[in-house]
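Scroll down for the structure; my scribbles are underneath it.
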Amino acid sequence: MGIIIKQSIKGSIWSYLGVGIGFITTAYLFPNYLTTDTIGLFSLLLAWSVLFAQLSSLGFQGITGRLFPWFRNKENNHNGYLFIAFAVMFLGFSLFLILFWFMNSWLVESNLEKSKLFADYLYLLIPLTFFTLLFTQLDVFNKLLYDAVFGTFLQEFLQRLLILLATLLFVFRFINIHQLILAYAALVSTKGVIIFVYLLIKKEISFRPQLQFVKPTLRKEMISVGLFSILTGLGSNIVFNIDKILINQMLGLSQTGVYTIAFFFGTLVIIPSRTLLRISGTLIADAFKRKDLGYIADIYRRSCLNQFIIGAFLFGGIWINIDNILVILGPDYEGAKWVVFFIGLGYLVDMMTGANAQIIAFSKHYRVALYFILILIILVVATMFILVPLWGITGAAIAIAASITANNFMRFLFLKLKYNMQPFDRKILVAGFVFVFSVLVSNLIPQVQLLPDIFLRSTLFTIIFAALTVGLKISEDVEQMKIKWINKLLKN
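Offset between the sequence shown (1-based) and my numbering: plus 84.
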């Protein structure tokens, strides 16, 4: 677990520096200086480009995640793996261009009335899709070289810093709104270029073909995994991007913008898990290769408990300050309160169930994930169509939270039945008690002025939550970190 904790801490540092920057941009600058239409445009461009990039990958991210350990050999340029990866990537992007040419008219016509701004900037999807595809493929590759931090640095920190700077240029009128939109697309694309140069400097990039390494059995497995990954990868991205697309179609670009800002606060809960699950996936893949199920079960158990503790702390901190958050956002975002709650709750459930997706993805039963995804797509689309007309963007948030919960429940049952892995024990219940108690006590503070209220409420919550978590010795990893810090202090 040492490499997981070490890289998780490093990744979380970059993530939360990025959160601080993102908070300034998303919670203050965007609501106060941009229209909800412009915010909705940014969200839609990202949602569509992620979907198109996943489709263009032709499932190769799944091949990398599952089969790259068999290729890994730096001295031999990883047996020509990147030659195959880039050949597939360019084929997939060419197919995307053909698809985009056919879809262009429909996308323009369907958005002219409620979302004209999106129709005007539809062409930005071409570079966004290409560089999203490039980054995603190379980030997976770099992660499997045991570097889960650099991709986090690029996506969570550097990208947000550059967007903040571009937004400030707009605020101080050095650039106009058209230039800001172009800059936004360019800066989102930049991370793909940077990770390519980074790997090039590290001498991990080689396009020398070594097709003789790919024996018939391995080639057959790669094709099988690739076809499967096209469906599962696209399905996962549909689930977590369809909300913005459907809200835009049903409610318009402005409501998409309000939902996007609220969604940002809800997703703060899950940020620490991204780095942990990146490196956990690599270790799980290697453990399956050596058939060490005990090690996998230990990762599963610890990831569930540790992620729940972190997620509960963050969700609690957000929810006790929800009224203050709405004051900061302004009157246009009054409908965001319950979006924040349900998105945050859904991601808290996701964190509580740990590395279940990674275990299934790298097991011999990885194909079952496809059935989970298909059920999930049906569930999220059906609930969105039912709940959005009833409750607007709050209905969309409920649909996403219910989908996340259903997906994780299916994974939990599967791992219990197939591997008898059950990660929960009484410590989860104790952590849940700490969370509820800390929130209830913090909410007893009478409301005062904005900044003092945030400080007092957050400080009390942090003290209670941290004291009970450490005092009750809920987590082995937290206990080890406490002992390590105490020893360091004593030495000083």
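Where a beta carbon is used, it is the ideal one built from N, C-alpha and C, also for glycine. Quick caveat: nothing in here was measured; it's all calculated off a predicted structure.
- Boundaries of the alpha helix (DSSP H) around HIS262: 261-285.
- Separation of LEU191 and ILE477 (C-alpha to C-alpha, rounded to the nearest whole angstrom) is 22 angstroms.
- Secondary structure in the region 402-452: the alpha helix (DSSP H) runs of 4 residues or longer, each lying completely within the stretch, are 406-413, 421-436, 440-446 in chain order.
- The beta-carbon separation of ILE457 and ALA131, rounded to 17 angstroms, does not stay under the 8 angstroms limit for a contact.
- Counting the other CB atoms within 10 Å of its CB gives PRO115 a total of 16 or more, which places it among the buried residues.
- In this model, LYS572 and GLY102 are separated by some 28 angstroms (Cα to Cα).
- DSSP places TYR165 in the uninterrupted alpha helix (DSSP H) bounded by 165-195.
- Boundaries of the alpha helix (DSSP H) around ASN116: 114-117.
- Between ILE558 and LEU238, the alpha-carbon positions lie close to 33 angstroms from each other.
- In the three-state reduction of the DSSP assignment, LEU528 falls in the coil class.
- Taking the Cα positions, PHE186 is about 48 angstroms away from ASN504.
- Judged by their CB atoms, ILE182 and PHE234 are not nearer to each other than the 9 angstroms cut-off.
- For GLN506, there is no enclosing alpha helix (DSSP H), as DSSP gives it neither H nor E.
- Taking each of LYS304, ILE331, VAL172 in turn and checking the Cα distance to ASN195, the smallest one comes out for ILE331.
- The alpha-carbon separation between LEU201 and TYR268 amounts to approximately 15 angstroms.
- Here DSSP, grouped into helix, strand and coil, assigns LYS568 to helix.
- In the structure shown, TYR384 adopts helical secondary structure according to DSSP, grouped into three states.
- The residues VAL323, GLY430, LEU460, LEU463, VAL464, THR467, in chain order, have a CB closer than 8 angstroms to that of SER487 in the same chain once the five nearest residues on each side in sequence are set aside.
- Around the beta carbon of GLN531, fewer than 16 other beta carbons sit within 10 angstroms, so the residue counts as exposed.
- If you draw a straight line from the Cα of TYR165 to the Cα of PHE155, it comes to about 7 angstroms.
- With 16 or more other Cβ atoms from the protein chains shown falling within 10 Å of its own Cβ, GLN391 counts as buried.
- Minimum Cα-Cα distance from LEU206 among the listed residues ARG495, GLY438, PHE184, ASN226 corresponds to PHE184.
- In the structure shown, the three-state DSSP call for PRO293 is coil.
- In this chain, GLN239 is not harboured by any alpha helix (DSSP H), its DSSP state being neither H nor E.
- SER127 and VAL520 have their C-alpha atoms roughly 33 angstroms apart.
- Within a 10 Å sphere around the beta-carbon of PRO415 sit fewer than 16 other beta-carbons, which makes this residue exposed.
- Boundaries of the alpha helix (DSSP H) around ILE123: 120-140.
- One alpha carbon belongs to LEU497, the other to LEU315, and they sit about 22 angstroms apart.
- In chain order, ASP327, LEU330, ILE331, TYR343, VAL423, MET468, LEU471, VAL472 place their CB closer than 8 angstroms to the CB of ALA480, counting only its own chain and leaving out the 5 sequence neighbours on each side.
- DSSP assignment within the region 327-369 yields the following whole alpha helix (DSSP H) runs of 4 residues or more, N-terminal first: 337-351.
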